[in-house]
Structure formats: C-alpha cells, structure tokens
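Here the structure comes first, spelled out in structure tokens, and everything after it is commentary.
Chains as they are written, first to last, in the working numbering: chain G, 1372 to 1627; chain Z, 1372 to 1627.
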C-alpha cells in the first residue's frame, strides 16, 4: 500500500509566524501523500476576547455557544486554515483547506449534554474516506480545520486530535498510514518536569499502568486513547512528538 | 458540451437567514454542474466595526490593510463560506468551500498603487480551469469566496463579480457556461427609480450608448464590463437578475 502521512499540529505552532514558517517548510518536505490537521484555539480565544466574548473551558474543552461557534468558524475555517493553504501553495504543495462540511468529509452529532453542556461541539460519526482518497489520488493535500457538520446544516466545533485520528482510521484501508501528533513536548514524558524524559515507545498495557501510576495525566490521556484506537483500526504507526520534529524521527512511538 | 451554471450572489443575500435559506433551496434545485461565487461585504464591515476597525471604501471597493485582510479572511473564507457549504450539504449538494488559494484555483497580484492604495486587493491573473473541472467532473460543487492568492503566500481580497467572470471564462472551453449575476434589482434598469423598468436584453453597442446617456451608471458599469468580457471569451449566456430569481428566467440577458 502507498504511504500516507497525517500530521496534526496544535494551535500554538500555527499562530506564531516563525513557528508557522518552520512548519510549512517541514510539511512541504514530507514526501508522498499527506494531510495536515490543525488547531487554532489560541487565536479563537484572542478573537473572542477582542469581541468581548468570554472563553469558557471545561476539562480542556471549549464551551461553544452560538457566538463562540461564529468565532471558531471564522478563525479555524477562515483565518488559520486559509493562511496555511496560501503558504503551502507558495511552497508548491497543492493544499486544499477543508472543514468536515466540505465534500462532506466528516460528519458528527452535537454532543449530548451529560454533566456539561459543551454547546455546538461535535462528536464524530463518520469520515468520508472515499472523497478524501479521491482528492489525495489527484495530488491534493487536504488541510483540515477542526470543524465538522451534522448533515443538517449546522457546523460543530470538533477536537482536532479526534479529527486526525478518525481521518487516519478511515484511510487505513486505503493507505499505509503514519499518524503524527505534534505538540509542545518532545513526546510522552516519564517525568513532566524533565522535557528530555521521553518514553521512546509505549504499548497499551504500559499506557494503562503509567496512567494508574499518575505518570501519564491530563491532556495526554485522550491523546493516547486516540492513538491506540487508531492502531487498533489499522493505522500502521502513531507518533507523538514535538511540532518542530514532524518528520516523526523523534518522539514516542505508539505500538500495540 | 455539458452545461455549467455559475451563480454569483452578493453579500446581502447570504447574510440574512431567510434570504440565505431561499438561496440554498434555489441553488440546490439547479440541475447539472454548478458553481456558487459569493460576497460577504456587509458581514466584513460588521465584524470590522465590532473590532474597532474602520471600513474605508473608494469607488465602491474596500481598502484592505492588514487588519482588514484578517477580517475578510475570517468572514469570507470562514463564516460566510462554511455556513453556505454546511447548508448546501444538508440539501444533498456536495459543496466544497474554496478561496483562490485552495488547489491554486485563482491567482492574482496585489493591485498596483495609482491614485488609490487599495492595500491587499488582488487583480486576477489566472484561473485554474483544470483543477476546477476535475472537481466538477467528480460531482463536487465549488463554493467560491472572494479571496485569491499571489502564489507567494499572501491572500488577497478580490472582487466576487470578477472572480465569477474569470471562472466562467476559464471554464468556457470545457462547458456550455451560463453565468448569472444576482443582485438586489430585477436586472439592468432603464430607469433607476423604477424597479420594473428591466432591459430584457442588451448588447455591447447598446451598453456603450446607455452608459454615455447616463442611463447605466455606478456599480452596474463594471458588472456589465465583466459580462461582455465573459461573452467575448466564449461564455454562452450572461444574465443579470434578482437574487431571488437565480434560475435565470428573468432579468437582463447580455448578448454580443
């Protein structure tokens, strides 16, 4: 099977001009088929604040009322996405900015209200691997913003890690997929205070043990859960690494 | 040749919920291959105002400094475009929101400063008919926002009428193209004060005569100039009509 690299980068790297320029260069240098999934939370918070809209986070997730949905639609689907696309085009990468609504590539439903009402937040139902693989076969490089749609005309704010994972899983039947989660640390750390204590590789049993021991905690837990789900669904390699190391040669490799 | 309908709608119709819903229904009902090109100026002005950014217009065109470029990227590429896409998907139209940067479909250069410095405004150089026709052949319906790129990483605010005209011209070699400019009047009017004084059809000689006589003036002049350019470039039909009559059965037909 042909190789496909899916890179997920967080908001921080795409919102600083210097780190964005580095990312664009690094991403352009990746050979073969590829997809970029990006965040943009900091810019959304900044715009919301400029508009006098308060940002509320619960468990690291943004509460998305209709005003905030307008903000994230503008920032994720417009500002961040289109700037990445224009810059990739300048490097000869045939980028196409997309949300889940575009070509219906990712559908979701509004998250049920249990303890918390997250508002217009989507839980993913389906990734349209057929549409995506047709684009990829045509040499197009999808650049995916963290928004999905419910198929009834509503956009929904959606976690970018989840979207990257769902994209990887759906395309695992078509390609030999490597999924790389980039963030601000060198990988999964054994000691949160030591940036160099990267765990080079981790399997699911070790993950559970380290979580119970409290070594792995916070936002790393859902990230690794997504990673293991992807591996179970046929994704070949999942790597968690620094946003300046998107070639996947460093960081933590997730194995079954 | 297969038929292709290109509809251009202004900001006003896409910014009101009721008229947008009507447009979505009408556009979904158009048979065959189609493209939607939209504006969004009023929403841009509204967001700019909320952000304390002053909107400056010269000859009906927006002065686009870097703050305003950020605004139009968010509003045109994000808010307006993605809402249209989600709503069209809900009607079973396989919409794909695009700017000129996406798949490099439209390149431009920053407008030269003569009497006025329009800032980050693009004059179109090239429309990528190959990429667009491949999408269209795959059943995709491009929804185009009024932004282009310069191929060097910069987005540029671009007139939506011009983009619709350039798209029509570029695709005239592939399709039997009908280009429909929708706006707030029933067509080209013989008497600006009488909404029912629609000129049913107009050729270039008549256009020049009526312009000299002052019957045709203001924003209608560049609209008709775009229309005649399109006709000269092989576009089969250009129609100027009401935004509630996008089937092209009313309005003014532009002929050679």
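Cβ coordinates follow ideal geometry from the N, Cα and C atoms, glycine included. On a predicted model such as this, the values are computed, not experimentally measured, just so you know.
8 Å contact criterion, which residue i and residue j should meet: CB distance rounded
i: residue 1459 of chain G; j: residue 1398 of chain G; result: 7 Å
i: residue 1525 of chain Z; j: residue 1457 of chain G; result: 6 Å
i: residue 1626 of chain G; j: residue 1558 of chain G; result: Actually they are not in contact, since the Cβ atoms of residue 1626 of chain G and residue 1558 of chain G sit about 13 Å apart, beyond 8 Å.
i: residue 1601 of chain Z; j: residue 1536 of chain Z; result: 5 Å
i: residue 1373 of chain G; j: residue 1547 of chain G; result: 7 Å
i: residue 1471 of chain Z; j: residue 1590 of chain Z; result: 22 Å between Cβ atoms; not a contact.
i: residue 1533 of chain Z; j: residue 1495 of chain Z; result: 6 Å
Distance cut-off 7 Å: residue i Cβ against heavy atoms of the ligand FMN
i: residue 1460 of chain G; result: Looking at this structure, you won't find the ligand FMN or any other ligand, since it has none at all.
Minimum Cβ-Cβ distance from residue i to chain G less than 8 Å
i: residue 1509 of chain Z; result: yes
i: residue 1386 of chain Z; result: no
i: residue 1525 of chain Z; result: yes
i: residue 1393 of chain Z; result: no
i: residue 1597 of chain Z; result: no
i: residue 1539 of chain Z; result: no
i: residue 1435 of chain Z; result: no
i: residue 1500 of chain Z; result: no
i: residue 1475 of chain Z; result: yes
i: residue 1417 of chain Z; result: no
i: residue 1505 of chain Z; result: yes
i: residue 1467 of chain Z; result: yes
i: residue 1543 of chain Z; result: no
CB contact below 8 Å: residue i versus chain Z
i: residue 1413 of chain G; result: no
i: residue 1553 of chain G; result: no
i: residue 1445 of chain G; result: yes
i: residue 1581 of chain G; result: no
i: residue 1613 of chain G; result: no
i: residue 1480 of chain G; result: no
i: residue 1439 of chain G; result: no
i: residue 1425 of chain G; result: no
i: residue 1520 of chain G; result: yes
i: residue 1470 of chain G; result: yes
i: residue 1454 of chain G; result: yes
C-alpha gap between residue i and residue j, whole angstroms
i: residue 1438 of chain Z; j: residue 1543 of chain G; result: 41 Å
i: residue 1488 of chain G; j: residue 1528 of chain G; result: 13 Å
i: residue 1517 of chain G; j: residue 1469 of chain G; result: 9 Å
i: residue 1599 of chain Z; j: residue 1612 of chain Z; result: 15 Å
i: residue 1477 of chain Z; j: residue 1490 of chain G; result: 36 Å
i: residue 1421 of chain G; j: residue 1408 of chain Z; result: 30 Å
i: residue 1615 of chain G; j: residue 1380 of chain G; result: 10 Å
i: residue 1618 of chain Z; j: residue 1620 of chain G; result: 56 Å
i: residue 1455 of chain G; j: residue 1385 of chain G; result: 8 Å
i: residue 1556 of chain Z; j: residue 1562 of chain Z; result: 12 Å
i: residue 1449 of chain Z; j: residue 1519 of chain Z; result: 14 Å
i: residue 1434 of chain Z; j: residue 1580 of chain G; result: 59 Å
i: residue 1402 of chain G; j: residue 1512 of chain G; result: 12 Å
i: residue 1466 of chain Z; j: residue 1502 of chain Z; result: 15 Å
i: residue 1575 of chain G; j: residue 1419 of chain Z; result: 49 Å
i: residue 1410 of chain G; j: residue 1427 of chain G; result: 17 Å
i: residue 1505 of chain G; j: residue 1587 of chain Z; result: 47 Å
i: residue 1608 of chain Z; j: residue 1390 of chain Z; result: 25 Å
i: residue 1462 of chain Z; j: residue 1522 of chain G; result: 9 Å
i: residue 1540 of chain G; j: residue 1375 of chain G; result: 12 Å
i: residue 1573 of chain Z; j: residue 1583 of chain Z; result: 15 Å
Unbroken beta strand (DSSP E) run spanning residue i, endpoints
i: residue 1554 of chain Z; result: 1547 to 1554
i: residue 1538 of chain Z; result: That residue, residue 1538 of chain Z, is in no beta strand (DSSP E); its alpha helix (DSSP H) goes 1531 to 1542.
i: residue 1385 of chain Z; result: Careful: residue 1385 of chain Z lies outside any beta strand (DSSP E), inside the alpha helix (DSSP H) at 1382 to 1385.
i: residue 1416 of chain G; result: First-last for residue 1416 of chain G: 1412 to 1421, but that is the alpha helix (DSSP H), not the beta strand (DSSP E).
i: residue 1518 of chain G; result: 1518 to 1520
Host alpha helix (DSSP H) of residue i (start-end)
i: residue 1469 of chain Z; result: Premise fails: residue 1469 of chain Z lies in the beta strand (DSSP E), 1466 to 1469, not in any alpha helix (DSSP H).
i: residue 1477 of chain G; result: Here residue 1477 of chain G belongs to no alpha helix (DSSP H); instead the beta strand (DSSP E) covers 1477 to 1481.
i: residue 1493 of chain G; result: Unbroken run through residue 1493 of chain G is the beta strand (DSSP E), 1493 to 1498; no alpha helix (DSSP H).
i: residue 1571 of chain Z; result: Premise fails: residue 1571 of chain Z is in no alpha helix (DSSP H) and is neither H nor E.
i: residue 1593 of chain Z; result: 1591 to 1603
i: residue 1528 of chain G; result: It is not in any alpha helix (DSSP H) - residue 1528 of chain G instead sits in the beta strand (DSSP E) that spans 1526 to 1528.
i: residue 1394 of chain Z; result: 1388 to 1400
i: residue 1406 of chain G; result: Not the alpha helix (DSSP H): residue 1406 of chain G falls in the beta strand (DSSP E), residues 1404 to 1409.
Check your understanding: Looking at C-beta atoms only, is the number of pairs between the region 1435 to 1449 of chain G and the region 1401 to 1418 of chain G that lie closer than 8 Å three or more?
Key -> Look at the beta carbons and you see the region 1435 to 1449 of chain G touching the region 1401 to 1418 of chain G: at least three pairs across the two are nearer than 8 Å.
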